[in-house]
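S.K.: Sequences listed follow chains A and B, in order.
Numbers 1 to 390, taken from the working numbering, label the letters of the first sequence in order.
Numbers 1001 to 1324, taken from the working numbering, label the letters of the second sequence in order.
Cβ coordinates follow ideal geometry from the N, Cα and C atoms, glycine included.
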Amino acid sequence: MSATPTTPSQKPAHDGSAKNGHAPAALVSEEVIRVIRDDGSLDPTWDPKLSDERIVELYSWMVKTRIVDDRLVTLQRQGRIGFHIGSLGEEATILGSAAAARPQDWIFPCYREFGALLLRGMPLQRYIDNMFGNSNDPVQGRQMPDHYTGKPWNFGSVSSPIGTQITQAVGFGWAAKMKKDDLATLVYFGEGATSSNEFHCGANFAGVFKTPTVFLCRNNGWAISVPAARQSASKTFADKAIAYGIRGVRCDGNDLLAVYAATREAIERAARGEGSTLIETLTYRLSGHSTSDDPKAYRKEAEVEAWKSKDPNTRLRGFLEKKGLWSAEKQTALEEQTSNELAECVKVAEKAAPPTLESMFEDVFAELPWHLKEQREQLLKGPRAKGHGH
Amino acid sequence: MPQMNMVQAINDALRLEMRKNDKVVVLGEDVGKVGGVFRVTAGLFDEFGDDRVIDTPLSEGGIIGAAIGMALYGLVPVPEIQFSDFIFPAYDQIVSELAKFRYRSGGEYVSKLVIRTPVGGGIRGGHYHSQSPESQFIHVAGLKVVCPTNPYDAKGLLLASIRDPDPVLFFEPKRIYRAAKGEVPEGDYTVPLGKASVLKEGKHVTIVSWGAMVYEALAAAEQAGAQGIDCEVIDLRTLWPLDIDTIIASVKKTGRVVIVHEAPKSCGLGGEIVSLINEKAFLHLEAPPARVTGFDTPFPYTLELEYLPLAHRILPQIVETAQY
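(1) What number of angstroms, rounded off, separates the C-alpha of Arg66/A from the C-alpha of Gln331/A?
(2) Got a sec: which bits of the segment 1094-1105 of chain B sit with their beta carbon under 8 Å from any beta carbon on chain A, in order along the chain?
(3) Step through the CB atoms of chain B and report whether any lies within less than 8 Å of the CB of Ala193/A.
(4) With a floor of 4 residues, list each alpha helix (DSSP H) that falls wholly inside the segment 1030-1071 of chain B, ordered by position along the chain.
(5) Of all Cβ atoms in chain B, is any one closer than 8 Å to the Cβ of Arg142/A?
(6) Check Thr1254/B in the structure and name its three-state DSSP category.
(7) Rounded to a whole number of angstroms, what is the C-alpha to C-alpha distance between Trp46/A and Glu31/A?
(8) How far does the alpha helix (DSSP H) with Arg54/A in it extend, from its first residue to its last?
(9) Any beta carbon from chain B within less than 8 Å of Ser135/A's own beta carbon?
(10) Quick one: grab the DSSP three-state call for Leu1199/B.
(11) Helix, strand or coil: how does DSSP classify Ala385/A here?
(12) Rounded to whole angstroms, what is the Cα-Cα separation between Thr263/A and Arg1175/B?
(13) Alpha carbon to alpha carbon, how far is Ile1115/B from Leu1058/B? Give it in angstroms, no decimals.
(14) For Ala175/A and chain B, any beta-carbon pair shorter than 8 Å?
(15) Which residues in the same chain as Gly21/A place their Cβ atom closer than 6 Å to its Cβ, once the five residues preceding and following it in sequence are excluded?
(16) What is the DSSP secondary structure of Glu362/A, reduced to helix, strand or coil?
(17) Over what stretch of residues does the beta strand (DSSP E) that includes Ile246/A continue unbroken?
(18) With a threshold of 7 Å on Cβ separation, who are the neighbours of Lys177/A within its own chain once the five nearest residues in sequence on each side are excluded?
(19) Locate the beta strand (DSSP E) running through Thr170/A, then write down its first and last residues.
(20) Rounded to whole angstroms, what's the CA-CA distance from Val1095/B to Trp326/A? Just pull it up for me.
(21) If you follow the alpha helix (DSSP H) that Met1213/B is in, where does it begin and where does it stop?
(22) Starting from Ala258/A, trace the alpha helix (DSSP H) in both directions and tell me its first and last residue.
(23) My assumption, with CB atoms under 8 Å, is that Thr93/A sits in contact with Arg218/A. Please give the rounded CB distance.
(24) Report the start-end ranges of each beta strand (DSSP E) in the segment 99-157 of chain A that is 3 residues or longer and not cut off at the edges.
(25) Can you tell me the Cα-Cα spacing of Gly382/A and Gly1268/B, whole angstroms?
(26) Less than 8 Å between CB atoms is the rule here; does His388/A satisfy it with respect to chain B?
(27) Between which residues of its own chain and Ala203/A is the CB-CB distance below 6 Å, once the five residues before and five after are set aside?
(28) What residue range does the alpha helix (DSSP H) around Asp1153/B cover?
(29) Can you tell me whether DSSP reads Gln1128/B as helix, strand or coil?
(30) Please list, in chain order, the chain A residues whose beta carbon lies closer than 8 Å to that of Met1070/B.
(31) Name, please, each residue of chain A whose Cβ falls closer than 8 Å to the Cβ of Gly1061/B.
(32) Do you know how far the Cα of Thr1056/B is from the Cα of Tyr1307/B?
(33) Cβ of Phe1088/B less than 8 Å from any chain A Cβ?
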């Protein structure tokens, strides 16, 4: 990684503002960090100075993530997988932040960050196996699709309840701090999760114990059908940091370089022992909440169209093309390569056997207690349900 | 061998394990300088410092959520919830996260911690310092649930719980924190999880109980003995997984069983034990399995001694079951 650390002292505009009457200087600024200007040039204030190769690499991951998203929605519509919850429109937020974390930093995901896990090195096949819940899925089909686990890549385990990963990320970083290990935790959640008790508990503990935690709030505008304005009367979600005595920053969530810069700075502050940061990335969920949701029921197409014009992938591609780093040919080649790889993974996943019946009873406890042995025997001897391959 | 009460025995276990394993940390409300509202963690702060005996903000969800994160990192947290009545802000973390980590990650992640919390009534604590919520945790797949009744078991079970690979809810019956005394060996020993203890052998009626009510069961058994009814008294010690073999062996011998617990009757662990006895020993039964329990009301303040299944309520049930 070639990021040059930026410090607050280099940015006179970043010293906080008392305009809203309650924000102490240096905790939360009203600035929205942006790097890629509309004319395609970069604002030097926050430019993380990534190498051309690195930007192209991250752009490629944004494209791959979107292709995977698109294909999984199709598979769900065809009835071949049960569910998908994607990141359409939030690629810059997810990949920019994950890329800014150092390899030793741990990621505590919400449920939209498969792009971060692929970036960290998880094979695509493993992800697709999870989508099919087959016997090759490390989770053995015990969870619904998109509830993956990625310990080999310092990446947590996905669950559905809102915000539970937040306090865990704080505790994990806190433990590392106690052991004087150089790592931070990067925890993802949507703006809706700032209403959860877990956000409050986590941010409060992070402030009190000065844990090395980066709270990454993807403000994508919607929590299923409830707009961001219905979650909080705070002027911004970053403002919430003030109450916990941690730092809050806002950035353009559709600007890969801005997200990278904001996250990198927060990670470096955490690593220096300066505590936690709440980052609010301003982005937009272009898709429904999941494949089970139809957003036409609650939001206007004009709003979606307006955000489509700020598409993070299109923006970064424009920047890269202007610099001569990308072309239509490269785009087509990448799309074809990703589609082929994906098709192969789907083929393998669809052919794989379902998890064994016994696997339902394993891993509840380290060892199988008597009552689970009994129940396993009942299942094995009993009649089979139809439709899952046994 | 030193005499200890429950508080001292649990404190001894914590100190021993913290000396032995620097990954063990204690956190909770008032557990540090003051040593806990029941003084169970007294002196640990002075010996191990505030990095290992941590006074936290007043937030059960934060305590358990952060403890899970610490456990994922590789520490072995032993958080204290000041009263089990206050555990519910952390219920989401316990049910949705702690209990499921191993399962939902295919064994990749294990969140190992022991949640210590005082349980039960009899201290004039009203609704919110008296409840017995054990079945609400037993019903969640993936948790072990322990409830000691004497200092020897308390120390041995806590050491076993901390070393067990699975998350454990460790319920400490507060009514007998200081009243239950006994000899406790110095140094290391464990009492295995999943093994009940037969406190008194008998041939007419089996009494199954746990927590503070074990002493009431023993008192009732003694009174029944004066009437010629010979009771066998089983202290479960580990509530889940249940020591089914000890229960069934006893019921096959006596053919009669009375289950005693403080928690409300309906959907209490007693109901599950009755079902298991029906499944495994039906033809050995000479009387319907009976329950003497708390009532299906919130835990009352003024009338708490009427609510609790004390010996005066257990004895008539023993007699009825014996004469059925």
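M.R.: In short, the structure shows the following:
(1) Here residue 66/A refers to the residue found at position 66 of the first sequence. Here residue 331/A refers to the residue found at position 331 of the first sequence. Each residue's alpha carbon lies about 13 Å from the other.
(2) Those residues of the segment 1094-1105 of chain B placed with their C-beta closer than 8 Å to a C-beta in chain A are Ser1096, Glu1097, Lys1100, Phe1101, Arg1102, Tyr1103, Arg1104, Ser1105, ordered along the chain.
(3) By 1-based counting over the first sequence, the position of residue 193/A is 193. For Ala193/A, the answer is no, since every Cβ of chain B falls outside 8 Å of its Cβ.
(4) Taking only runs of at least 4 residues, the alpha helix (DSSP H) segments lying wholly in the segment 1030-1071 of chain B are 1044-1048.
(5) As a position in the first sequence, residue 142/A is number 142, starting the count at 1. True, the Cβ-Cβ gap to chain B drops below 8 Å.
(6) The residue labelled residue 1254/B in the question sits at position 254 within the second sequence. Note: Thr1254/B maps to helix in three-state DSSP.
(7) The residue you call residue 46/A lines up with position 46 of the first sequence. The residue you call residue 31/A lines up with position 31 of the first sequence. Whole-angstrom Cα-Cα distance: 12 Å.
(8) Here residue 54/A refers to the residue found at position 54 of the first sequence. Run containing Arg54/A: 52-77, per the alpha helix (DSSP H) assignment.
(9) Indexing the first sequence from 1 puts residue 135/A at position 135. Interface annotation, Ser135/A: not in contact with chain B, CB-CB separation never under 8 Å.
(10) For the purposes of this step, residue 1199/B is taken as residue 199 along the second sequence, with counting starting at 1. Correct three-state label for Leu1199/B: strand.
(11) Numbered from its first residue, the first sequence carries residue 385/A at position 385. In this structure, DSSP gives Ala385/A a state outside helix and strand, which the three-state scheme calls coil.
(12) As a first step, residue 263/A is located in the first sequence; it is residue number 263 there, counting from the start. As a first step, residue 1175/B is located in the second sequence; it is residue number 175 there, counting from the start. Rounded to the nearest angstrom, the two C-alpha atoms are 51 Å apart.
(13) By 1-based counting over the second sequence, the position of residue 1058/B is 58. By 1-based counting over the second sequence, the position of residue 1115/B is 115. Computed Cα separation, rounded: 16 Å.
(14) Sequence index remark: in the first sequence, residue 175/A carries index 175 (1-based). For Ala175/A, the nearest CB of chain B lies under 8 Å from its own CB, placing it at the interface with that chain.
(15) Counted from its first residue, the first sequence places residue 21/A at position 21. Because Gly21/A carries a pLDDT of 42, less than 50, the predicted location of this residue cannot be relied on, and the following value inherits that uncertainty. Within its own chain, no residue has a Cβ closer than 6 Å to the Cβ of Gly21/A once the five positions on either side in sequence are excluded.
(16) On the first sequence, position 362 is the one that residue 362/A refers to. Here Glu362/A sits in coil by DSSP.
(17) Your numbering for residue 246/A matches position 246 in the first sequence. Note, Ile246/A: premise wrong, no beta strand (DSSP E); not H, not E.
(18) Taking the first sequence and counting its residues from 1, one reaches residue 177/A at position 177. Listed in chain order, the non-local C-beta contacts of Lys177/A below 7 Å within the same chain comprise Thr211, Pro212, local neighbours out to five positions each way being set aside.
(19) As a first step, residue 170/A must be located in the first sequence, where it is residue number 170. In the sequence on display, residue 170/A carries Val and not Thr. Per DSSP, Val170/A is not a residue of any beta strand (DSSP E); the alpha helix (DSSP H) it occupies stretches across 164-178.
(20) In the second sequence, the residue the question calls residue 1095/B occupies position 95. In the first sequence, the residue the question calls residue 326/A occupies position 326. Straight-line Cα distance between these residues: approximately 49 Å.
(21) Against the second sequence, residue 1213/B aligns to sequence position 213. That run of the alpha helix (DSSP H) goes 1213-1226.
(22) If you number the first sequence from 1, residue 258/A lands on position 258. Bounds of the alpha helix (DSSP H) holding Ala258/A are 256-271.
(23) Here residue 93/A corresponds to residue number 93 of the first sequence, with the count starting at 1. Here residue 218/A corresponds to residue number 218 of the first sequence, with the count starting at 1. Confirmed, Cβ separation roughly 5 Å.
(24) Whole beta strand (DSSP E) segments, 3+ residues: 106-108, 155-157.
(25) Locating residue 382/A in the first sequence gives position 382, counting from the first residue. Locating residue 1268/B in the second sequence gives position 268, counting from the first residue. When rounded, the distance between both Cα atoms is 29 Å.
(26) Residue numbering aside, residue 388/A sits at position 388 when the first sequence is read from its first letter. Not one chain B Cβ lies under 8 Å of His388/A.
(27) Counted from its first residue, the first sequence places residue 203/A at position 203. Setting aside the 5 residues that flank it on each side, Ala203/A is surrounded in the same chain by Tyr244, each with a C-beta closer than 6 Å to its C-beta; the list follows chain order.
(28) Reading the second sequence from its first residue, position 153 is the one you call residue 1153/B. From DSSP, the alpha helix (DSSP H) with Asp1153/B extends over 1151-1163.
(29) The count along the second sequence starts at 1 and reaches residue 1128/B at position 128. In the sequence on display, residue 1128/B carries Tyr and not Gln. Helix.
(30) To locate residue 1070/B, count along the second sequence from 1; it is residue 70. Going along chain A in sequence order, the residues near Met1070/B (Cβ under 8 Å) are Gly171, Phe172, Trp174, Ala175.
(31) What you label residue 1061/B is simply residue 61 of the second sequence in a count that begins at 1. Near Gly1061/B (Cβ distances below 8 Å), the residues of chain A are Thr167, Asn197, Glu198, Cys201.
(32) Locating residue 1307/B in the second sequence gives position 307, where the first residue counts as 1. Locating residue 1056/B in the second sequence gives position 56, where the first residue counts as 1. For Tyr1307/B and Thr1056/B, the distance between alpha carbons rounds to 34 Å.
(33) Here residue 1088/B corresponds to residue number 88 of the second sequence, with the count starting at 1. For Phe1088/B, the answer is no, since every Cβ of chain A falls outside 8 Å of its Cβ.
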